[in-house]
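Colleague:
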Amino acid sequence: MNADLNKYLYSDDGHLNLSQLFLEFSQPLFYYALKFVGQDVAKDIVQDVFFKLWENQDLNITSSLSGLLFSMVRNKCLQHLEKEKVRSRYQESVVSRMHEDEILFYSSGFSSLIEKELQMQLQQAIEGLPDKCREVFVMSRFHDKMHKEIAEELGISVKMVEKHISKALKIIRVQLEEYLPLLALFPSCFFHQ
Amino acid sequence: MANIEEIKSKYIRKETSSEEDQILFKWLQDHPDEQKEFYQEKDIWDSYALVKNSMNYSPEIERRKLRKRIRKAKQAKLAVLPYLKVAAIFVLSFMFSWFIQSQYFNTEQLVHEVEMREVFVPKGQINQIFLADGSRIWLNSESTIEIPSVFTGDERLVRLSGEAFFEVAEDAKHPFKVKVEGQTIEVMGTSFNVRAYHNSSVVQTTLKTGRIELQTQNERLTLSPGEQTALDKLTGDLSVKKVNPSNFDSWKEGRYEFINEDLIEVFHLVERWYDVELIYNKEDFKSMNFSGVIKRNNSIQHFLTLLGHTIAINYEIDMEKVKINKMKEEK
Chain A
1 MNADLNKYLY SDDGHLNLSQ LFLEFSQPLF YYALKFVGQD VAKDIVQDVF FKLWENQDLN
61 ITSSLSGLLF SMVRNKCLQH LEKEKVRSRY QESVVSRMHE DEILFYSSGF SSLIEKELQM
121 QLQQAIEGLP DKCREVFVMS RFHDKMHKEI AEELGISVKM VEKHISKALK IIRVQLEEYL
181 PLLALFPSCF FHQ
Chain B
1001 MANIEEIKSK YIRKETSSEE DQILFKWLQD HPDEQKEFYQ EKDIWDSYAL VKNSMNYSPE
1061 IERRKLRKRI RKAKQAKLAV LPYLKVAAIF VLSFMFSWFI QSQYFNTEQL VHEVEMREVF
1121 VPKGQINQIF LADGSRIWLN SESTIEIPSV FTGDERLVRL SGEAFFEVAE DAKHPFKVKV
1181 EGQTIEVMGT SFNVRAYHNS SVVQTTLKTG RIELQTQNER LTLSPGEQTA LDKLTGDLSV
1241 KKVNPSNFDS WKEGRYEFIN EDLIEVFHLV ERWYDVELIY NKEDFKSMNF SGVIKRNNSI
1301 QHFLTLLGHT IAINYEIDME KVKINKMKEE K
């Protein structure tokens, strides 16, 4: 981890190698922010985080660099939701509240698959799903199909579509649990160096 | 009522109605032990978007945006650049209008065509303006000055809000006047500093060279070099003291020198200079003084460290917000 860190952190003249860092982390950070805020805001937040890094080049990074980046994104998202709450009416602010709670969940030691770079494992877990289950999951998630359409196409009921998706999520969660809870139990091991 | 499992799954897919959001919100509050599973299932859904890059996010395009922003910020850091631009525009426009005026028109005819121009310097910057009459004005952060497009009539009048240092070219026939909240300064040929921020209760005028005449609602006063006045905007009281004027215009060179300056006032200056918001309890720092030098190209951290030498404080910096807490005195 430490060697990696140096690769990103500093170029020869001792400055933060922002370009490298951006190419490596901006995409995961964008999708991470997208969990809590809209697309445009998420893009802005990623920009702001890296701009902040540029402004504070002499930043003393004591924990992991990626941990710092993800927590900066979380903070920016919280700030945005805070503003949103003031602006919007009660109804929309329920969603803001839920997103805030979700961010706090991630601040308290739990990690997203994105943060832990578990995309490969996620991909594998999806491939390992029972056929029907996987088909429905992928159709719904990526072809942006309404459940009614999926139901018609596969000749099953809408209720079954829902069931398949819930089932898919449960199976994947249990499979990936072997990576995640460990991380949640020993968060300190990611803050070395 | 809809089944909660269904609502959860709909929420994960971002398809819930606002009533369903309410139901889910309440359910999550009532079932804290179920939260982890719910968030993890949502996380699976959300994370798969990264696997497929479903939003077509392009790090390359975004990186270009960042580069542009950094380039702009670098330019802004070189205060010289914007000042040169402003200076050039002013010199040119003033010279041109003077030229036209003297060649073709009678001054009196032009009076009604004089426009007021406004120059504003945002937080975190300093700017310099040259006037066609040879005068120079340095504008500090978050200050606005209004200048007529042409000086006509028998006086040269400008309006200021904020802080500025003036080096006024001598012209006995056309006295130079600076209007700020609560007072007017009349100048022959001289240099002086005015600090008149709207969020401060005091207007401070420091004379460096020459002679100026100050007109407030109640008083008229002539200053000699090295004298400084403080006008209390509330009561209208005007006090005079002797100072070293260089301490009060060093900000032009990017340096603030404080000698027993009111701490709250210093906080205001720091906010303007570093473009940050300080959050503190006013009562904690009331009637305290600060002495020291701060530089514009130092960071806010530097100031906080400096302050920490005299007062026990702790602080948190979060983006543009800085929280300062006074620590309880221990024996």
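Residue numbers (the working numbering), protein chains in the order written: chain A, 1 to 193; chain B, 1001 to 1331. C-beta atoms are modelled at their ideal positions from N, C-alpha and C, and glycine is treated no differently.
(1) For a contact defined as C-beta to C-beta under 8 Å, what are the partners of residue 1063/B on chain A?
(2) According to DSSP, is residue 1289/B part of a helix, a strand, or is it coil?
(3) Looking at the strands, I want to know which residues DSSP matches up with residue 1262/B.
(4) Strictly below 7 Å CB to CB, what residues from chain A border residue 1141/B?
(5) Could you tell me which residues DSSP puts in a beta bridge with residue 1166/B?
(6) Residue 1220/B: buried (16+ other C-beta within 10 angstroms of its C-beta) or exposed?
(7) Given this structure, state the Cα-to-Cα distance separating residue 1071/B from residue 35/A, to the nearest angstrom.
(8) Can you tell me which of the three DSSP states residue 1176/B falls into?
(9) Name the chain A residues whose beta carbon is nearer than 7 Å to that of residue 1059/B?
(10) Three Cβ pairs or more, each shorter than 8 Å: is that satisfied between the segment 1161 to 1176 of chain B and the segment 1278 to 1294 of chain B?
(11) Using 8 Å as the Cβ pair cut-off and three pairs as the minimum, do the segment 1251 to 1261 of chain B and the segment 1220 to 1231 of chain B touch?
(12) Can you give the beta carbon distance from residue 29/A to residue 95/A, rounded, assuming they're within the 8 Å contact cut?
(13) Kindly give me the distance between the Cβ atoms of residue 104/A and residue 1041/B, rounded to whole angstroms, as I take these residues to be in contact under 8 Å.
(14) If the cut is a Cβ gap below 7 Å, which residues of chain A does residue 1039/B touch?
(15) Taking its Cβ as the centre, do 16 or more other Cβ atoms sit within 10 Å of residue 1316/B, making it buried, or is it exposed?
(16) Please confirm whether residue 47/A has its beta-carbon closer than 8 Å to some beta-carbon of chain B.
(17) If we ignore side chains and look at the alpha-carbon of each, how far apart do residue 1137/B and residue 1167/B end up?
(18) Quick check on residue 1064/B: buried or exposed, where buried means 16 or more other Cβ atoms within 10 Å of its Cβ?
(19) Which residues in the same chain as residue 964/B place their Cβ atom closer than 7 Å to its Cβ, once the five residues preceding and following it in sequence are excluded?
(20) Cβ of residue 1054/B within 8 Å of Cβ of residue 110/A?
(21) With DSSP as the reference, label residue 1298/B as helix, strand or coil.
(22) Among 70/A, 76/A, 166/A and 85/A, whose alpha-carbon lies nearest the alpha-carbon of residue 138/A?
(23) How is the alpha helix (DSSP H) around residue 1245/B delimited, first residue to last?
(24) Strictly below 7 Å CB to CB, what residues from chain A border residue 1043/B?
Modeller: On the basis of the supplied data:
(1) Numbered from 1 along the second sequence, position 63 holds the residue referred to as residue 1063/B. Under the 8 Å cutoff, chain A gives 19, 22, 23 and 26.
(2) Taking the first residue of the second sequence as position 1, residue 1289/B is located at position 289. Of the three classes helix, strand and coil, the one that applies to residue 1289/B here is strand, per DSSP.
(3) Position 262 of the second sequence, counted from the start, is the residue given in the question as residue 1262/B. 1289/B, per the DSSP bridge assignment.
(4) Counting from 1 along the second sequence, the entry for residue 1141/B is found at position 141. Simply none; closest approach about 17 Å.
(5) On the second sequence, residue 1166/B is found 166 positions in, with the first residue counted as 1. DSSP lists 1137/B and 1192/B as partners of residue 1166/B.
(6) Translated into the one-based positions of the second sequence, residue 1220/B becomes position 220. Residue 1220/B is exposed by the Cβ-count criterion.
(7) Taking the second sequence and counting its residues from 1, the one referred to as residue 1071/B is at position 71. Taking the first sequence and counting its residues from 1, the one referred to as residue 35/A is at position 35. Residue 1071/B and residue 35/A: Cα-Cα distance of roughly 30 Å.
(8) Locating residue 1176/B in the second sequence gives position 176, where the first residue counts as 1. Note: residue 1176/B maps to strand in three-state DSSP.
(9) Stepping through the second sequence from its first residue, residue 1059/B is reached at position 59. What residue 1059/B touches in chain A: 22, 23, 26 and 27.
(10) no
(11) no
(12) Here residue 29/A is taken as the residue at index 29 of the first sequence, counted from 1. Here residue 95/A is taken as the residue at index 95 of the first sequence, counted from 1. Contact doesn't hold; Cβ gap of about 22 Å is too wide.
(13) Start at 1 with the first residue of the first sequence, and residue 104/A comes out as number 104. Start at 1 with the first residue of the second sequence, and residue 1041/B comes out as number 41. In fact, because the Cβ distance is near 18 Å, the residues do not count as touching under 8 Å.
(14) The sequence position of residue 1039/B within the second sequence is 39, counting from 1. Within 7 Å Cβ-Cβ: 102 and 105.
(15) What you label residue 1316/B is simply residue 316 of the second sequence in a count that begins at 1. Residue 1316/B is exposed by the Cβ-count criterion.
(16) Along the first sequence, read from residue 1 onward, the residue named residue 47/A stands at position 47. Judged by the 8 Å Cβ criterion, residue 47/A is in contact with chain B.
(17) Here the question's residue 1137/B lines up with position 137 in the second sequence. Here the question's residue 1167/B lines up with position 167 in the second sequence. Distance between the alpha carbons of residue 1137/B and residue 1167/B: 6 Å.
(18) Counted from its first residue, the second sequence places residue 1064/B at position 64. Result: exposed.
(19) An answer regarding residue 964/B cannot be provided, because it is not within the stretch 1001 to 1331 covered by chain B.
(20) As a working mapping, residue 1054/B is identified with position 54 in the second sequence. As a working mapping, residue 110/A is identified with position 110 in the first sequence. No, Cβ-Cβ distance for residue 1054/B and residue 110/A is not below 8 Å.
(21) Locating residue 1298/B in the second sequence gives position 298, counting from the first residue. Coil at residue 1298/B, not helix or strand.
(22) Stepping through the first sequence from its first residue, residue 138/A is reached at position 138. For residue 138/A, the nearest C-alpha among the options comes from 166/A.
(23) One-based indexing of the second sequence puts residue 1245/B at position 245. Here residue 1245/B belongs to no alpha helix (DSSP H), and DSSP marks it neither H nor E.
(24) For the purposes of this step, residue 1043/B is taken as residue 43 along the second sequence, with counting starting at 1. Those within 7 Å of residue 1043/B in chain A are 112 and 113.
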